[in-house]
DNA sequence: GGGCAACGATACCTTCCAGGTATCGATCCG
DNA sequence: CGGATCGATACCTGGAAGGTATCGTTGCCC
């Protein structure tokens, strides 16, 4: 199977429309129809059920959509990492680390300092992004290492080392009645009148339906809390970033958050190994 | 990047010889030279240093070799799993489980029985193979689930659930002086005169140099122990498979062995989820 | 119910590139 | 210095990928 065929199939499977898929791919519709037919012939499997009005995925088609996306990611990662390895060493980021915006800030600073002091350390680029985006960046080879937070992030498919565990706090507007409490339980804060929990985007960028404001990052969320439009349950290390308008109260029965450092399993980079070793020694 | 180009590059990178690589690929040498040149041009990276006598990998080339193999595995897995999903449901193995020959035998039987009793259970094919082969089968899409044993097997790149932990025993010929002991330490058995520890094959199928007989599976190993040509350190559950000629003594300071069930991270198969759930409930 | 629009499939043509053969040029070896 | 080895180059050919025009089917709407 060629990646071209896979890209074509994924486009059609996502659009469920040959015309739009062809447009997205920058080719005409007939060659696309033919390419898919040929792929089906070669696989000996019907991938799409098509009438002249609708296109739907067969069982085999949905398998290929999932597996094919993963395969295309892997190819893209190979290409990107090779390109990076070929750049002149000067100025090339030796490592790209991705982490959630506004999370683990001290841990990150500590880690970068400690690593920079190591013999043979290379420059580290840091990418900050929203949750769920990190995995993609790591899978696509845009990043070499990530700081992830279980149980929010899935560490599926990566090598990981645990760096630490912390409890969670609820972040509330300063002066809220609950802020006088020494601690609360989840039941105290779900369905708090006027202070809904926010909605985070799904991996595909869309938001699940339901109440609560849509947020993209932690800073935005804290802004909303300060405005009295939401409350947030966050790892307690976020306290370092709270200013006067905000207060935090431990939530006893919220799941503990584990910060892990994650990297692609076949990474053979000396720099990644060094960074991971530094990270595990910190804790 | 097309998979054809990747396959070509991997062949050359492995052979370090255009002629042999071309032969292996079933094409002539000149098109292969051109394909690699074109790949290098497109990536903007030298992958191979070639004189008219020798071919060596550049830094970028070794990155692409590792990453490219992983990407090709992913493509192959996508193809294989799609083909499987398209087979008529009758007679099609719903699940392919791979485990080491002669390991976790009771656990496996228990698991298969319990799963078969589940509503909606599908037929399960079991593949037995040597260590280090399981990961490959899982990565290439030849298998859906594996029973792995930490710390021997790497669980990198897979989802896992722990199923249980056990200590290790040393397996000795019956009547050996050490068999009267209630337990031993590693120091007691390394360099035991005439009873070396065996050598297992590397992932590429070759054996590391050194003393000790070469073994491919556990049955073979036990045979060698019975013949008085080796001793073996194994999880204690292997005791169920020992016959009169063999004896086992706990090794107090050998690392514990954890049996885990592992599956590809993007598996969306109902059957895999059911099997994993059954497995975790067993323990 | 007939006309129409939407959509995938088919027919047919063109272009381009993968692959083949022949040969060159460089390097190592005896 | 001559031959052998090996990758690169030159040149040719067939097939596949892509384009345009058009067909056949199916909803839909007046």
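Chains as they are written, first to last, in this note's numbering: chain A, 1 to 283; chain B, 284 to 566. Cβ coordinates follow ideal geometry from the N, Cα and C atoms, glycine included.
Below 7 Å CB to CB, which residues in the same chain sit around residue 356 of chain B once its five sequence neighbours on both sides are set aside?
Counted from its first residue, the second chain places residue 356 of chain B at position 73. Correct list, in chain order: 422 and 423.
Is residue 344 of chain B helix, strand or coil by DSSP?
For the purposes of this step, residue 344 of chain B is identified with residue 61 of the second chain, where counting begins at 1. Residue state, collapsed to three classes: helix.
Measuring only the C-alpha atoms, how far is residue 44 of chain A from residue 33 of chain A?
The residue labelled residue 44 of chain A in the question sits at position 44 within the first chain. The residue labelled residue 33 of chain A in the question sits at position 33 within the first chain. Using only the alpha carbons, I get a separation of about 16 Å.
Taking the alpha carbon of residue 337 of chain B as the reference point, which residue from B:351, B:299, B:321 and B:310 has its own alpha carbon closest?
Translated into positions along the second chain, residue 337 of chain B becomes position 54. Here the closest residue by C-alpha is B:299.
Thinking C-alpha only, which one of B:499, B:536 and B:402 is nearest residue 485 of chain B?
As a working mapping, residue 485 of chain B is identified with position 202 in the second chain. The shortest C-alpha separation from residue 485 of chain B is found at B:499.
Kindly list, in the order they appear in chain B, the residues whose Cβ is closer than 8 Å to that of residue 2 of chain A.
Locating residue 2 of chain A in the first chain gives position 2, where the first residue counts as 1. Correct list: 285, 286 and 287.
Using a Cβ cut-off of 7 Å (strictly closer), state whether residue 395 of chain B contacts chain A.
Counting from 1 along the second chain, the entry for residue 395 of chain B is found at position 112. Chain A, which has no Cβ nearer than 7 Å to the Cβ of residue 395 of chain B, makes this no.
Mind reading off the beta-carbon distance from residue 388 of chain B to residue 524 of chain B? Whole number of angstroms is fine, and I expect it under 8 Å.
The residue labelled residue 388 of chain B in the question sits at position 105 within the second chain. The residue labelled residue 524 of chain B in the question sits at position 241 within the second chain. The pair is a contact, with the Cβ atoms about 7 Å apart (cut-off 8 Å).
Integer-rounded CB distance, given that residue 431 of chain B should sit under 8 Å from residue 545 of chain B:
If you number the second chain from 1, residue 545 of chain B lands on position 262. If you number the second chain from 1, residue 431 of chain B lands on position 148. That belief holds up - the Cβ atoms of residue 545 of chain B and residue 431 of chain B are roughly 5 Å apart, short of 8 Å.
Less than 7 Å separating the beta-carbons of residue 256 of chain A and residue 186 of chain A?
If you number the first chain from 1, residue 256 of chain A lands on position 256. If you number the first chain from 1, residue 186 of chain A lands on position 186. Contact flag unset, no.
Any C-beta of chain B under 7 Å from that of residue 75 of chain A
Residue numbering aside, residue 75 of chain A sits at position 75 when the first chain is read from its first letter. Yes, contact with chain B.
Spell out a yes or no on whether the region 442-457 of chain B and the region 508-523 of chain B are touching, meaning 3 or more CB-CB pairs, one atom from each, closer than 8 Å.
yes
Given a threshold of 16 other Cβ atoms within 10 Å of its Cβ, counted over all protein chains shown, does residue 61 of chain A qualify as buried or as exposed?
Against the first chain, residue 61 of chain A aligns to sequence position 61. Its Cβ being crowded by 16 or more others within 10 Å, residue 61 of chain A is buried.
Run the CB neighbour count on residue 325 of chain B, radius 10 Å, all protein chains shown included, and call it buried at 16 or more, exposed below.
Counting from 1 along the second chain, the entry for residue 325 of chain B is found at position 42. Taking all protein chains shown into account, residue 325 of chain B has fewer than 16 neighbouring C-beta atoms within 10 Å of its C-beta and is therefore exposed.
What in chain A is Cβ-close to residue 440 of chain B, meaning under 9 Å?
In the second chain, the residue the question calls residue 440 of chain B occupies position 157. Simply 156, 157, 158, 159, 264, 265 and 266.
Taking 7 Å as the CB-CB limit, is residue 63 of chain A close to chain B?
Locating residue 63 of chain A in the first chain gives position 63, where the first residue counts as 1. Interface residue, yes.
Helix, strand or coil for residue 36 of chain A? Go by DSSP, reduced to three states.
The sequence position of residue 36 of chain A within the first chain is 36, counting from 1. For residue 36 of chain A, the three-state secondary structure derived from DSSP is helix.
Residue burial classification, residue 390 of chain B (beta-carbon count within 10 angstroms, cutoff 16)
Within the second chain, numbered from 1, the residue matching residue 390 of chain B stands at position 107. Buried: at least 16 other Cβ atoms inside 10 Å.
Considering residue 509 of chain B, what are the terminal residues of the alpha helix (DSSP H) in which it resides?
Here residue 509 of chain B refers to the residue found at position 226 of the second chain. That run of the alpha helix (DSSP H) goes 501-509.
Contacts that residue 328 of chain B makes with chain A (C-beta to C-beta distance below 8 Å):
Looking up residue 328 of chain B in the second chain gives position 45. Per Cβ cutoff of 8 Å: 82, 83, 85 and 86.
Which bits of chain A does residue 453 of chain B rub up against, with CB to CB less than 9 Å?
Mapped onto the second chain, residue 453 of chain B falls at position 170. Correct list: empty, because the minimum Cβ distance to chain A is about 31 Å.
Kindly give me the distance between the Cβ atoms of residue 479 of chain B and residue 513 of chain B, rounded to whole angstroms, as I take these residues to be in contact under 8 Å.
If you number the second chain from 1, residue 479 of chain B lands on position 196. If you number the second chain from 1, residue 513 of chain B lands on position 230. At roughly 6 Å, the Cβ-Cβ gap stays under 8 Å, so residue 479 of chain B and residue 513 of chain B are in contact.
Select from A:68, A:129, A:18 and A:19 the residue whose C-alpha is nearest the C-alpha of residue 7 of chain A.
Counted from its first residue, the first chain places residue 7 of chain A at position 7. Measuring from the Cα of residue 7 of chain A, the nearest candidate turns out to be A:68.
Helix, strand or coil for residue 447 of chain B, going by three-state DSSP, please let me know.
As a position in the second chain, residue 447 of chain B is number 164, starting the count at 1. The answer is strand: DSSP assigns residue 447 of chain B an E or B state.
Compare the C-beta of residue 143 of chain A with all C-beta atoms of chain B and state if any pair is closer than 7 Å.
Residue mapping note: residue 143 of chain A aligns to position 143 of the first chain, counting from 1. Not closer than 7 Å to any Cβ of chain B, the Cβ of residue 143 of chain A fails to qualify, so no.
Take residue 9 of chain A and list the residues in its own chain whose beta-carbon comes closer than 7 Å to its own, dropping the five residues that flank it on each side.
Along the first chain, read from residue 1 onward, the residue named residue 9 of chain A stands at position 9. Excluding residues within five positions, the ones whose Cβ falls inside 7 Å are 36, 39, 47, 64 and 68.
What residues of chain A sit near residue 354 of chain B, judged by a beta carbon separation below 8 Å?
For the purposes of this step, residue 354 of chain B is taken as the residue at position 71 of the second chain. The contacting residues are 71, 74, 75, 77 and 78.
Determine the direct distance from the alpha carbon of residue 439 of chain B to that of residue 511 of chain B, and round the result to whole angstroms.
Here residue 511 of chain B refers to the residue found at position 228 of the second chain. Here residue 439 of chain B refers to the residue found at position 156 of the second chain. The alpha-carbon separation between residue 511 of chain B and residue 439 of chain B amounts to approximately 36 Å.
Determine whether the beta carbon atoms of residue 268 of chain A and residue 349 of chain B lie at a separation below 7 Å.
Within the first chain, residue 268 of chain A is the residue found at index 268, counting from 1. Within the second chain, residue 349 of chain B is the residue found at index 66, counting from 1. A contact, by the Cβ cut-off of 7 Å.
How would you write the range of the beta strand (DSSP E) that residue 529 of chain B sits in, first residue to last?
For the purposes of this step, residue 529 of chain B is identified with residue 246 of the second chain, where counting begins at 1. Bounds of the beta strand (DSSP E) holding residue 529 of chain B are 529-534.
From residue 109 of chain A to residue 115 of chain A, what does the alpha carbon distance come to, in whole angstroms?
By 1-based counting over the first chain, the position of residue 109 of chain A is 109. By 1-based counting over the first chain, the position of residue 115 of chain A is 115. About 10 Å.
Near residue 134 of chain A, what residues of its chain come up, given a Cβ to Cβ distance below 6 Å and the 5 sequence neighbours on each side ignored?
In the first chain, residue 134 of chain A corresponds to position 134, counting from 1. Result list for residue 134 of chain A: 98 and 146, in chain order.
Exposed or buried, residue 161 of chain A, counting other C-beta atoms within 10 Å across all chains shown (16 or more means buried)?
One-based indexing of the first chain puts residue 161 of chain A at position 161. When all chains shown are included, residue 161 of chain A counts as exposed.
Report yes or no: is there a C-beta of chain B within less than 7 Å of the C-beta of residue 66 of chain A?
Walking along the first chain from the start, residue 66 of chain A turns up at place 66. Yes, residue 66 of chain A lies at the interface with chain B (some Cβ there is under 7 Å from its Cβ).
In this structure, how does DSSP classify residue 562 of chain B when only helix, strand and coil are distinguished?
Residue 562 of chain B sits at position 279 when you count from the first residue of the second chain. In this structure, residue 562 of chain B counts as helix in the three-state DSSP scheme.
Of the choices B:494, B:459 and B:560, whose alpha-carbon is the least far from that of residue 528 of chain B?
Stepping through the second chain from its first residue, residue 528 of chain B is reached at position 245. It is B:459.
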